[in-house]
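First to last, the protein sequences are chains A and B.
Per UniProt numbering, the first sequence starts with residue 1, numbered consecutively.
Per UniProt numbering, the second sequence starts with residue 1, numbered consecutively.
Number of protein chains: 2
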Amino acid sequence: MDQNTNKKILILESALELIRENGFHGCPISQVAKQASVAAGSVYTYFESKDEMILELHRYVKSEVLKEISEKDHPEKNFEARFFDFWNNLTSLYQERAAFQSFLEQFTSSPYNTETMQLESDPWGEWTEAFFKEGIESGQLRPLNPKILSMMVMGSAISLIRFKTYFKTKTASTAQDLHLIPKMVWDGIKFQ
Amino acid sequence: MDQNTNKKILILESALELIRENGFHGCPISQVAKQASVAAGSVYTYFESKDEMILELHRYVKSEVLKEISEKDHPEKNFEARFFDFWNNLTSLYQERAAFQSFLEQFTSSPYNTETMQLESDPWGEWTEAFFKEGIESGQLRPLNPKILSMMVMGSAISLIRFKTYFKTKTASTAQDLHLIPKMVWDGIKFQ
DNA sequence: GGCCGGTGATTGAACGTTCATTCATTATCT
DNA sequence: AGATAATGAATGAACGTTCAATCACCGGCC
Chain A
1 MDQNTNKKIL
11 ILESALELIR
21 ENGFHGCPIS
31 QVAKQASVAA
41 GSVYTYFESK
51 DEMILELHRY
61 VKSEVLKEIS
71 EKDHPEKNFE
81 ARFFDFWNNL
91 TSLYQERAAF
101 QSFLEQFTSS
111 PYNTETMQLE
121 SDPWGEWTEA
131 FFKEGIESGQ
141 LRPLNPKILS
151 MMVMGSAISL
161 IRFKTYFKTK
171 TASTAQDLHL
181 IPKMVWDGIK
191 FQ
Chain B
1 MDQNTNKKIL
11 ILESALELIR
21 ENGFHGCPIS
31 QVAKQASVAA
41 GSVYTYFESK
51 DEMILELHRY
61 VKSEVLKEIS
71 EKDHPEKNFE
81 ARFFDFWNNL
91 TSLYQERAAF
101 QSFLEQFTSS
111 PYNTETMQLE
121 SDPWGEWTEA
131 FFKEGIESGQ
141 LRPLNPKILS
151 MMVMGSAISL
161 IRFKTYFKTK
171 TASTAQDLHL
181 IPKMVWDGIK
191 FQ
């Protein structure tokens, strides 16, 4: 990784953290720059505009998620085991790097997520679609549109993360219930 | 409903629509006022500040959702039927009033959703929790924390709506698959 | 009825702040 | 020395909020 890529990523990570803490509102370029230890103007050496920076951040986060999840997948296992690995790896990742989940959620429900944007190539989306397609073709998942399966599973995972985040303090008693969730999701999507 | 309440709601609905179209970024008071046919200053007759307006909008949307869903619930039916009613009514409502779903999603993942805010009384949250609690106590749902059940179901419903919104144009072939989703969710949460 | 004065809602221009972006200058590297 | 990167003060647009001025309405009085 050359020096430029390094500094670019420094800026992206700085924006990511600010967005997690304060939302899109709370990440002025001045702050992003300060946190990345560069001058405000320097951001424009790496990005055309703030909007372009946000879009690039979106690509960056999705590629990091893809890297992490795909390298921990073992296609030689049977699909049920792969599903639970997928679930656990995804929820762990979103908890370790809470800013990933927070950013993706804010981005998805924001006007950045235009129709044009959705025409961009999306390796993470393609990977998950292929993953669930394999589950269907091996006869272990209900024969539905893999896009739908994927969205249902991701929606549940995100709900779980949100639950853990919001009720962090209060949930000693319910902690065991949370382990049952991937099983519930599996019961919903498996071929039966 | 007196005249003041009327105009207050006019302003809230105007903000709601702008937020759906352009996000929190894209709803300056000047625009909210213009769309509601009042002067910018008048907004401050009804709300202390823009932030307070957004918080009140949140209360307003949740109370509208509660009104709609609770009045269409029939507690004398068995719980499985009530669940499918609940699902259908919620997804219909979110489709008819897309701005409700869009606003709630943006609000939830924004910094408006502080911890203090979550201590506010929340009739809609309490209603859904009680709803799922009845399902558990009648032995038809898995005996889990009803908050968790509720969140899983809502997460799936929202994923479905998002799917329909994004792929509106392309999905003639997958439309039938979408009908199976409430059944999948039910299979995941029912006592077995 | 017609007029008056007063009360409270409504207005929108003006204010001060914040922000994204620019660019002349300076520093760093090759 | 020349090229490239980095700086941060300056700029102008946009925003939330204020407030002096205007308007709409109503009861009381002639």
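Backbone N, C-alpha and C define an ideal beta-carbon position, used for all residues, glycine too.
Model, not experiment: these values are computed from the prediction.
I'd like to check one pair, residue j with residue i: are the Cβ atoms closer than 8 Å?
i, j, result
"E17/B", "Q35/B", "yes"
"G23/A", "S102/B", "no"
"L119/A", "Y60/A", "no"
"R162/B", "A99/B", "no"
"K155/A", "S156/B", "It is Gly, not Lys, that sits at residue 155/A in the sequence shown. Against a cut-off of 8 Å, the Cβ pair of S156/B and G155/A comes out as a contact."
"R89/A", "K72/A", "The sequence given here has Asn at residue 89/A, not Arg. Their beta carbons are under 8 Å apart, which means N89/A touches K72/A by this criterion."
"M152/B", "M184/A", "yes"
"V38/A", "I29/A", "no"
"W124/A", "K164/A", "no"
"D177/A", "D187/B", "no"
"P146/B", "F84/B", "no"
"L144/B", "L144/A", "no"
Give every residue of the same chain whose Cβ lies closer than 8 Å to the Cβ of residue i, excluding the five residues on either side of it in the sequence, and list them in chain order.
i, result
"L141/A", "F79, F132, G135, L149, I189, K190 and F191"
"G26/A", "L18 and I19"
"P75/A", "R82 and E134"
"N6/B", "none"
"L160/A", "T91, L178 and I181"
"E129/B", "P146, K147 and S150"
List the DSSP bridge partners of residue i.
i, result
"K190/A", "L141/A"
Might you give, ordered along the chain, the residues of its own chain that have their beta carbon closer than 7 Å to the beta carbon of residue i, omitting 5 neighbours on each side?
i, result
"L10/A", "A36"
"L104/B", "V61"
"A15/B", "C27, V32, M53 and L57"
"F107/B", "H58 and N113"
"W127/A", "L66 and S70"
"M1/B", "Since pLDDT at M1/B reaches only 48, below the 50 mark, its modelled position is unreliable, and no value is offered."
"S138/B", "F79"
Taking 6 Å as the limit between beta carbons, can you name the residues of its chain near residue i, skipping five residues before and five after?
i, result
"W87/B", "P182"
"I158/A", "none"
"A40/A", "I29, S30 and A33"
"K8/B", "Y46"
Using a Cβ-based criterion (distance less than 7 Å to any ligand heavy atom), does residue i qualify as near the ligand FMN?
i, result
"L178/A", "Questions concerning the ligand FMN fall outside what the structure shown contains, since it holds no ligand whatsoever."
Legend entry - Any 3 or more C-beta pairs closer than 8 Å across the region 63-82 of chain A and the region 38-53 of chain A: no
Legend entry - Ranges of the alpha helix (DSSP H) found wholly within the region 18-101 of chain A, counting only runs of at least 4: 29-35, 43-46, 50-71 and 79-96
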